[in-house]
Amino acid sequence: MSKLMIKNMDDVDIQQVALLSSKLFKQEGWDREAFEKELDNPISRAIVLKDGFSLVGFYVAWIIADEIELASIAVDSQFRGKGFAQILIDDLVEYALKIASKTIFLEVRESNERAISFYKKNGFKYLSTRKSYYIDGENATIFQKNL
Ligand SMILES: CC(C)(COP(=O)(O)OP(=O)(O)OC[C@H]1O[C@@H](n2cnc3c(N)ncnc32)[C@H](O)[C@@H]1OP(=O)(O)O)[C@@H](O)C(=O)NCCC(=O)NCCS
4 MSKLMIKNMD DVDIQQVALL SSKLFKQEGW DREAFEKELD NPISRAIVLK
54 DGFSLVGFYV AWIIADEIEL ASIAVDSQFR GKGFAQILID DLVEYALKIA
104 SKTIFLEVRE SNERAISFYK KNGFKYLSTR KSYYIDGENA TIFQKNL
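Residues 4 to 150 in the working numbering are what the sequence shown lists, from first letter to last.
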């Protein structure tokens, strides 16, 4: 491990981020263009975690009045289980508290046990289910964390 760094996503990061997103989320992943739009989106907070030049993970969240929607979060498979997603979510919660946001929402595939246990550990609570939300018909579970 070289130097771990958390920072705002910029143009230089986008290729790596788009590659990771499409690798992990397949058809539902975001491409370069989608991330470029996020960099120009005034309500978007886009953060990367890097180990030197390597991308460890990222998140994108939308700030909508006093609520936050965590739109995407991921850690590359070779870096999993080492607390890196924790660093990302801690950054988001710290930011949310700073801007006096009241709630963070997110949606996750019902089958994504690893992510669900990560969210529960971080105080997210089940809110509702969106039937057949994903392209393949899987339901989405909506989780909410009140701040
Ligand atoms: C979900 C994800 C972001 C977790 O990243 P990570 O860096 O491995 O997570 P961390 O190491 O920070 O783990 C934090 C907590 O998550 C949970 N967790 C992580 N890996 C887990 C596993 N294999 N099984 C069960 N729980 C796990 C645990 O609660 C863990 O806390 P602990 O270490 O005290 O047990 C990562 O698995 C990922 O990128 N998955 C693919 C993309 C994805 O599904 N994103 C979410 C879409 S909604």
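Yeah, the Cβ is synthetic: ideal placement off N, Cα and C, and Gly gets one too. Please read these numbers as outputs of a predicted model, since none were measured by experiment.
Separation of residue 98 from residue 79, as counted between CA atoms: A straight-line Cα-Cα distance of about 23 Å links residue 79 and residue 98.
So is residue 103 buried or exposed if we call it buried at 16+ other beta carbons inside 10 Å? exposed
Within the stretch 16-64, ranges of the alpha helix (DSSP H) (whole runs, at least 4 residues): 35-43
Where does residue 75 land, buried or exposed, given buried means 16+ other C-beta within 10 angstroms? Using a 10 angstroms sphere on the CB of residue 75, the tally of other CB atoms reaches 16 or more, which defines it as buried.
Relative to ligand 1, is the shortest distance from any of its heavy atoms to the C-beta of residue 53 smaller than 8 Å? no
Inter-residue CB distance, residue 95 and residue 73 (contact presumed, cutoff 8 Å): 7 Å
From residue 67 to residue 87, what does the alpha carbon distance come to, in whole angstroms? 26 Å
Please tell me whether residue 108 and residue 147 are closer than 9 Å, where the distance is taken between their beta carbons. yes
Who are the near neighbours of residue 20 in its chain, counting only those whose CB is closer than 6 Å to its CB and skipping five residues on each side? 38, 61
Helix, strand or coil for residue 80, going by three-state DSSP, please let me know. Residue 80 sits in a helix when the DSSP states are folded into three classes.
Spatial distance of residue 33 from residue 132 (CA atoms): Straight through space, the alpha carbons of residue 132 and residue 33 are spaced by roughly 23 Å.
For a test of your reading of the model: does the CB of residue 126 fall under 8 Å from any non-hydrogen atom of ligand 1? Yes or no. Residue 126 Cβ: outside cutoff for every heavy atom of ligand 1.
Drop a sphere of 10 angstroms on the beta-carbon of residue 117, count the other beta-carbons inside from all chains shown, and report buried for 16 or more, exposed for fewer. Under this definition residue 117 is an exposed residue.
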